[in-house]
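Take a look at the structure below.
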Amino acid sequence: MKPAKFDYARAGDVADAIRLLGSTDGFNKPLGGGMSLGPMMNLRLAQPDLVVEVRKLDALKAVTEEGGYLVVGAGITHAEIEDGKIPDTANGMMRFVAGQIAYRAVRNRGTVGGSIAHADPAADWPTALRALGAEVAIDGPDGARVVPLSEFQLAAFTVALEPADIVTALRIPKLSPGAKWGYYKICRKPGEFADSIGAVVHDPERGRTNVVLGATDGAPLDVPALAEAVRAGTAVEIDDAKAALAAQGAVFDDYGNQIHAVALSRAIKGALAS
Amino acid sequence: MTEISLTINGEPVTASVEPRTSLADFVRDSQRLTGTHLGCEHGVCGACTLEIDGEPMRSCITYAVSCDGASITTIEGFDDDDVMEDLRQAFTENHGLQCGYCTPGMLVTARDIVRRLPDADEKRVRLELSGNLCRCTGYVGIVRAILAVLEKRRG
């Protein structure tokens, strides 16, 4: 339960971090809060050659509003979101989600950017932010770019980052005041990795309705048939959710089919009742 | 090896550490502060919880090199803290510990609950304790102790 040996460097700014990450051919990783990378390294599932610390970089702690977006620096912690230290432009959804991530001692250090870059299927932000239609701001040797979250996470623990890229911010569309959301997570114990996550955002004014299933064995899954039901205001029972998943080829084992359908139908009920 | 300067329980410390040394191993092995306990070493059990810059955090998945410039408070650093004094008394009176292995982490988490959530009820206390595992007490005494301190401080 101790990590393999690695080299360590502290980046002075984002450009320095990119330079350091590209300075050797090995497996180099940026370190934010380390609340996901730390366990992976302790379990030796990840054995980076070089770890580049980016946790304290000012640019990654910035929170700004740009047009219809709230731009949240990748280094903002879950606890900062839980405590309302950044503007609430998602009608309370971000705070609700943040407060359920792992445990307070983890939320105090773990970051939203780290969670997105790590892309654990059972983590909260990949599913919640996908439902909100968020985009990922990335900086790297070839310059800065923005990728929609739906194109960013490719599979479990697999994202569209090149070796020397870092996630700098999440661009999260603001919800209109009348927008509804629902979020339902099933864990065997509070704070544990989820068995299933249903996330719903319904913002007719902005033309955005998303129903997303998380904690699958891959990237979060859009369920367009259920989004259509939410737009129509139709109640979605467990069997309806099961049928919708089956119709798009999302088939799990018996337990998975049941629990995912329950999470989705409860998230939708929550959204429609909000 | 990487040089770090930090404050531990109010005292300045400068040391040279291997990057892979966790903060928990650093305070235990190099600083002889063995009150911080290691259980799971992947952030789940809560035994290693201590304060970094005034907030409870996991020292088993935080590397010592990441704590350059930080202020660390281990369980040994709370001798004169009035909330911790109340908690120590309440843990004793309510059988909040048996073997004591989880207790340092429990107390750091309990202190955070008392300070951050002064109106917490039993349900909230239990929820907040979900990141600290105890295999002796069944949590009843721990929850009772924290509720007693909350009650006392609400006056």
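Going down the list, the sequences are from chains A and B.
With the numbering used here as the guide, the letters of the first sequence map in order to residues 1 to 274.
With the numbering used here as the guide, the letters of the second sequence map in order to residues 275 to 429.
Note that beta-carbon positions come from the ideal geometry of N, C-alpha and C, so glycine has one too.
Nothing here was measured: the structure is a model prediction, and the numbers come from that model.
| Item | Value |
| --- | --- |
| Would you verify that the beta carbon of methionine 331 of chain B is, or is not, closer than 8 angstroms to some beta carbon of chain A? | yes |
| Could you tell me whether the Cβ of aspartate 360 of chain B comes closer than 8 angstroms to any Cβ of chain A? | no |
| Mark arginine 109 of chain A as exposed unless 16 or more other C-beta atoms lie within 10 angstroms of its C-beta, in which case mark it buried. | buried |
| In the region 381-399 of chain B, which residues sit with their C-beta less than 9 angstroms from some C-beta in chain A, listed in chain order? | Val382, Thr383, Asp386, Ile387 and Arg390 |
| Taking leucine 31 of chain A as the reference, give the member of A/Val52, A/Gly22, A/Leu43 and A/Ala11 with the closest Cα. | A/Val52 |
| Quick one: residues in its chain with C-beta nearer than 8 angstroms to the C-beta of asparagine 42 of chain A, no 5 flanking neighbours on either side, listed in chain order? | Met1, Lys2 and Pro3 |
| Would you please verify whether the beta carbon of glycine 320 of chain B is less than 8 angstroms from any beta carbon of chain A? | yes |
| Would you mind working out which of A/Ser176, A/Arg171 and A/Ser36 sits nearest valine 146 of chain A, comparing C-alpha positions? | A/Arg171 |
| List the DSSP bridge partners of lysine 180 of chain A. | A/His202 |
| Examine chain B for any beta-carbon lying closer than 8 angstroms to the beta-carbon of lysine 185 of chain A, and answer yes or no. | no |
| Thinking C-beta only, is glycine 317 of chain B closer than 8 angstroms to cysteine 376 of chain B? | no |
| DSSP three-state label for threonine 77 of chain A, please. | strand |
| Enumerate in chain order the residues of its own chain whose CB-to-CB distance from serine 279 of chain B is below 6 angstroms, with the five nearest sequence positions on each side excluded. | Thr288 |
| Over the uninterrupted beta strand (DSSP E) stretch that includes leucine 324 of chain B, give me the two end residues. | 323-326 |
| Alpha carbon to alpha carbon, how far is glycine 429 of chain B from leucine 289 of chain A? Give it in angstroms, no decimals. | No answer is possible for residue 289 of chain A: the residues shown for chain A start at 1 and end at 274. |
| Going by beta carbon distance, what residues of the same chain come within less than 6 angstroms of glycine 214 of chain A, once the five residues before and after it are set aside? | Thr127, Ile197 and Pro220 |
| Can you check the region 356-383 of chain B for any alpha helix (DSSP H) of at least 4 residues that lies completely inside it and give the ranges in chain order? | 356-367 |
| Just to confirm, are arginine 104 of chain A and glutamate 402 of chain B a CB contact at a threshold of 8 angstroms? | yes |
| Within the same chain, show all residues whose beta-carbon is closer than 7 angstroms to that of asparagine 368 of chain B, passing over the 5 residues directly before and after it, in chain order. | Gly415, Arg418, Ala419 and Ala422 |
| Quick one: using the 10 Å Cβ neighbour count with 16 as the cut-off for buried, is aspartate 386 of chain B buried or exposed? | buried |
| Can you pull the DSSP bridge partners for lysine 242 of chain A? | BP columns for lysine 242 of chain A are empty, so no partner. |
| Tell me which residues share the same chain as threonine 383 of chain B and place their Cβ nearer than 8 angstroms to its Cβ, disregarding the 5 neighbours each side in the sequence. | Gly320, Thr323, Pro330, Glu402, Leu403, Gly405 and Asn406 |
| Assign phenylalanine 6 of chain A to one of two classes, buried (16 or more other C-beta atoms within 10 Å of its C-beta) or exposed (fewer than that). | buried |
| Alanine 338 of chain B and isoleucine 326 of chain B - do their beta-carbons sit closer together than 8 angstroms? | no |
| Within the continuous alpha helix (DSSP H) that includes threonine 127 of chain A, where are the two ends? | 124-131 |
| According to the Cβ coordinates, are leucine 381 of chain B and leucine 361 of chain B closer than 8 angstroms? | yes |
| Is there contact between the region 261-270 of chain A and the region 238-245 of chain A, where contact requires at least three CB pairs shorter than 8 angstroms? | yes |
| For leucine 307 of chain B, decide whether its Cβ has a neighbour in chain A, counting only Cβ atoms nearer than 8 angstroms. | no |
| On the three-pair Cβ rule with 8 angstroms, is the region 149-158 of chain A touching the region 187-207 of chain A? | no |
| Does the beta carbon of glutamate 53 of chain A sit closer than 8 angstroms to a beta carbon anywhere in chain B? | yes |
| Among residues of its own chain, excluding the 5 on either side of glycine 133 of chain A, which ones have a beta-carbon nearer than 6 angstroms to its beta-carbon? | Pro173 and Arg208 |
| Distance, Cα to Cα, valine 106 of chain A vs arginine 332 of chain B? | 7 angstroms |
| For the 8 angstroms Cβ check, are there 3 or more pairs between the region 79-99 of chain A and the region 45-59 of chain A? | no |
| Assuming the contact rule is C-beta atoms closer than 8 angstroms, glycine 182 of chain A and glycine 73 of chain A should be a hit. Round their C-beta distance to whole Å, please. | Between glycine 73 of chain A and glycine 182 of chain A the Cβ distance is about 27 angstroms, and since that is not below 8 angstroms, they are no contact. |
| Spatial neighbours of methionine 35 of chain A within its chain, please: C-beta separation below 6 angstroms, excluding the five flanking residues on both sides. | Val106, Arg109 and Gly110 |
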